[in-house]
Amino acid sequence: MLGPQCGTGRTGPLPPGGTGPLPQADRAGPQGWAGPLPHHRSRVRPRERTTPRPGDGIPRAPLRRTPCRGLSLTPNDLPRSGPGPTPYAPGTHPQRTPTEGLPVPPVSPVRPASPAPRPADLVLLDGHVLTLDAAFRTAEAVAVRDGVIAATGTTAELRPLIGPRTEVVDLRGATVLPGINDSHLHGCAFGATRPPLAVDVSAAAVSSLADIREAVRAQADRQPPGSWIFGNGWDVGYLDECRADATRTPTRWDLDEVSPDHPVLLYEFSGHTAWLNSRALEAAGITPDTEPPPGGVIERRADGALTGILRESAQELVNTVIPAMTDAAREAAIRAAVDVCHAQGITSFTEPGLGPGGKSLFLGSADTATLKVYARMAREGELRARVSVLLLPLEMGGAAAGLADRLAALEGLCDGADPRLLSVLGVKLFADGVPPSRTAWMSEEYANGGGRGALCLHGHTDGQRVEELASIVRQAHRMGHQLGVHITGDAGIDAVVDAFAAAQLDHPRPDARHYIIHGDFASPRALATLARHGWGANMNPGVKDTIADLMDGIVGPERSAYQWPVRSAVDAGIPVTASSDAPITYPDWRAGVSSMLLRRSKATGRPSGPDQCVDLRTALRAYTTHAARQDFAETWKGSLEPGKAADLCVLDGDLLRTPAEDIPALPVTMTVFDGEIVHTTR
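This is the structure:
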């Protein structure tokens, strides 16, 4: 067990607008950085900061500054607290159209709670500050001191907080949001599967099998014979040959002709399928007679010949023979991922699965060694993001036997790290596959045959696998862990939610905050059960618009339109969170927000389930306040309120007046982490 049980959380449904009645902890006053963390799940004890704040010493780009002219301050010169303005009403219901009809609130000051004793370190003036507090109040300016929000209000109200050493930023009408929290982002894997460590074969870089062959050929020319070539991101829905002929799929022969002397391993965008050439199959010892591990698929032609495609746990056959990542490579990958996050305005993310179950995932970047590297970076003040971790004790096809021992072996790895930089929240479990690979467990068959998929857990029958699932969930729940379960098919989701409910009945816990990860086809029954217990759903709007057209042919138009029922989940009362699942999609939350508002295919622009659209406010909460709640951290991050973490994202423009389709084009001009500017284009 990694820590004490958590405080009381949401038990009632969300009100209209998706804001939700807040637990008592949400209404508590600001906490100090060294104070107790009632919702902290890690065994790491809070302590006073003894290492430099992340970002210290980073050169800052030139900014537009306001001269202070020797301003002298006393407590009497500062604005006093008083009754606040009438809160901006959150509306009666999420709008079905993206931003049309969404009221643009007037700038409403949120006054400092008490006179400040000294000037702020950083003040941002003359903008649109969206506090994302319970009332969705707005302001013109925000002040930062000692790594926390000192005040928000009008520009005139906050000018007295400017001292001779205060850094002042003229926003010129830009929008300020809380730092974005990507609540499901494989940080190390994202960095490890990008150039220069891997070939980019995503839809952003290639549009055909011919393009992929050329990219692999070029990489082979740069590497010595016999060395492995890795790549990531291919998607048959965006490859010309596959779109023109539905029976055309990638094969080992496509790669053999351009890389006869190199083993090649290319991950599909979902991470659930690998494409190998013949040299890689040989290196992994895979032959036509090889049996896949539980939950895995080795694809073969009708004549029994291997195609070079491995699905789900079958990827372990090759992942276990590739060269192991060094700790230096892990740290470089993490730093690269954090740099990309800062450029996107992301200051927090969840590493959804590190441990022995991840040793064969994403080039080995999800194993226990990566958690140790994160811990060392956090202790040394080198981790410049807030990272929440789910432990991954079991691989795909895993069993309940030995779960407790594996979790016990992971205890204490983060001791000594600042818990506001790195915390272990709970346990990740892979329960099924993904719909594009037809490995999600569905209640009805996939279109044009292809079966119904299955749970990827130990067992020979559906019933045995359901029993194994219930046993794993029950054990982890009794040990006090939050559970985040990868589950996508409707039959699988029902089984997971039933396992949550059975575990709760067996061992009541007031605020476990379990959640389903992805939840593509969550049924109304499953959504109602999740809401009733205060459990969550972490969804991926960036994947929705990427695969919308592809899914029509896999599950049929009706089920495809329903995929990721965000509106239904919000209406049920679930605090929905949204994430990129990088490296599955690029961690651009703006594209995710736009997708939640529009639900249009990225390839064709065609609407896909417009009845599941939500409004802007709901989408923003999915990337801020609700994500903080998933982290048990809503008392100290996720909104711009006095005393909370000074993590900010600045967009060039007025977000509330920007059409939904134009949101992805709004530049992120500044990111503030822990009170320090870590990214700026100004």
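Under our numbering, the sequence shown has 354 at position 322, and the numbering climbs by one with no breaks.
Glycine residues also receive a C-beta, built at the ideal position from the N, C-alpha and C atoms.
Fair warning: this is a prediction, and the values are worked out from it, not measured in the lab.
Can you tell me which of the options puts its alpha carbon nearest to the alpha carbon of residue i?
| i | options | result |
| --- | --- | --- |
| Gly-577 | Thr-617, Glu-590 and Met-511 | A small fix is needed here, since residue 577 is Asp in this sequence, not Gly. Minimum Cα distance to Asp-577 is reached at Thr-617. |
| Asp-684 | Arg-204, Glu-427 and Phe-168 | Arg-204 |
| Arg-275 | Leu-688, Ile-579 and Pro-151 | Ile-579 |
| Asp-399 | Val-350, Pro-425, Gly-482 and Gly-413 | Pro-425 |
| Met-357 | Ser-397, Ile-378 and Ile-318 | Ser-397 |
| Ile-244 | His-509, Leu-298, Pro-210 and Arg-541 | Leu-298 |
| Ala-436 | Gly-385, Ala-654, His-294 and Ser-503 | Ser-503 |
| Leu-217 | Pro-292, Ala-188, Val-372 and Val-248 | Val-372 |
| Leu-229 | Pro-210, Ala-235, Gln-255 and Ser-239 | Gln-255 |
| Arg-631 | Val-625, Gly-624, Ser-640 and Ala-623 | Ser-640 |
| Val-646 | Gly-512, Asp-267 and Val-608 | Val-608 |
| Gly-179 | Arg-714, Leu-688, Lys-676 and Asp-686 | Lys-676 |
| Ala-614 | Val-201, Pro-573, Ala-554 and Gly-521 | Pro-573 |
| Gln-514 | Val-421, Ala-654 and Ser-392 | Val-421 |
| Val-370 | Glu-500, Ala-692, Phe-222 and His-492 | Phe-222 |
| Leu-241 | Asp-267, Ala-252, Gln-251 and Ala-250 | Asp-267 |
| Met-628 | His-160, Glu-673, Ala-692 and Ile-586 | Ala-692 |
| Pro-597 | Ser-555, His-711 and Val-710 | Ser-555 |
| Thr-636 | Asp-603, Asp-584, Ala-610 and Gly-263 | Asp-584 |
| Val-456 | Arg-470, Asp-464 and Phe-381 | Phe-381 |
| Cys-351 | Thr-339, Ala-375, Ala-312 and Asp-335 | One detail in the question is off: residue 351 reads as Asn in this sequence, not Cys. Per the Cα distances, Ala-312. |
| Thr-713 | His-374, Pro-468 and Arg-541 | His-374 |
| Asp-335 | Ala-252, Gln-347 and Asp-321 | Asp-321 |
Where does residue i land, buried or exposed, given buried means 16+ other C-beta within 10 angstroms?
| i | result |
| --- | --- |
| Asp-538 | exposed |
| Pro-91 | Bear in mind that the predicted position of Pro-91 carries a pLDDT of just 35, short of 50, making it unreliable; the figure below should be weighed with that in mind. Exposed, because fewer than 16 other Cβ atoms sit within 10 Å of the Cβ of Pro-91. |
| Trp-668 | buried |
| Ala-57 | Here Ala-57 scores only 34 on pLDDT, less than 50, and its place in the model is too uncertain to base an answer on. |
| Asp-694 | exposed |
| Trp-285 | exposed |
| Thr-716 | Nothing can be reported for residue 716: it is not among the residues displayed for the chain, which extend from 33 to 714. |
| Ala-697 | exposed |
| Gly-133 | Residue confidence for Gly-133 is low, a pLDDT of 39 falling below 50, so the modelled location carries little weight; the figure read from the coordinates is stated next. Exposed is the call here. |
| Asn-570 | buried |
| His-565 | buried |
| Glu-412 | exposed |
| Thr-131 | Residue placement at Thr-131 cannot be trusted, given a pLDDT of 38 that sits under 50; what the coordinates show is reported in the next sentence. Under this definition Thr-131 is a buried residue. |
| Pro-257 | exposed |
| His-294 | buried |
| Ser-715 | In this structure the chain extends from 33 to 714, so residue 715 is not present and cannot be described. |
| Ser-215 | buried |
| Pro-292 | exposed |
| Glu-172 | buried |
| Met-702 | buried |
| Glu-708 | buried |
| Thr-184 | buried |
| Glu-314 | exposed |
| Phe-705 | buried |
| Arg-333 | exposed |
| Gln-644 | buried |
With DSSP as the reference, please indicate the residues paired to residue i in a beta bridge.
| i | result |
| --- | --- |
| Lys-460 | Gly-516 |
| Ile-194 | Per DSSP, none; premise fails for Ile-194. |
| Met-571 | Ala-610 |
| Asp-202 | Leu-157 |
| Ile-709 | Val-704 |
| Val-419 | Phe-381 and Leu-454 |
| Thr-305 | Arg-343 |
| Asn-213 | Ser-380 |
| Gly-777 | Residue 777 falls outside the range modelled here, since the chain spans only 33 to 714, and no answer is possible. |
| Tyr-299 | Asn-264 and Ala-306 |
| Ala-171 | Val-161 |
| Thr-184 | Val-174 |
| Asp-232 | Asn-264 |
At a threshold of 7 Å, does residue i count as lining the ligand HEM (C-beta to nearest heavy atom)?
| i | result |
| --- | --- |
| Gly-485 | The ligand HEM is absent from the structure shown, which contains no ligands of any kind. |
(message) Quick test of the definition: if touching needs 3 or more C-beta pairs under 8 Å, does the region 403-414 touch the region 361-369?
(response) yes
(request) Ignoring anything shorter than 4 residues or poking outside the region 343-367, list the alpha helix (DSSP H) runs there in chain order. (result) 348-351
(message) Is it the case that the region 525-536 contacts the region 340-352, given that we only count it when at least three CB pairs across the two stretches are under 8 Å?
(response) no
(message) Runs of 4 residues minimum, wholly inside the region 495-565: which ones carry the alpha helix (DSSP H) assignment?
(response) 522-538 and 556-565
(request) Would you be able to state if there are at least three C-beta pairs under 8 Å between the region 224-242 and the region 320-336? (result) no
(request) Evaluate contact between the region 584-594 and the region 191-201, counting only Cβ atoms and requiring at least three cross-stretch pairs below 8 Å. (result) no
(request) May I have a chain-ordered list of the alpha helix (DSSP H) segments no shorter than 4 residues that lie completely inside the region 575-602? (result) 589-594
(message) Please give me, in chain order, every unbroken run of the beta strand (DSSP E) with length at least 3 that falls completely inside the region 620-702.
(response) 680-683
(message) Quick check: the region 504-514 against the region 430-445, are at least 3 beta-carbon pairs closer than 8 Å?
(response) yes
(request) Say whether the region 482-497 touches the region 442-452, bearing in mind that this needs 3 or more beta-carbon pairs closer than 8 Å, one atom from each stretch. (result) no
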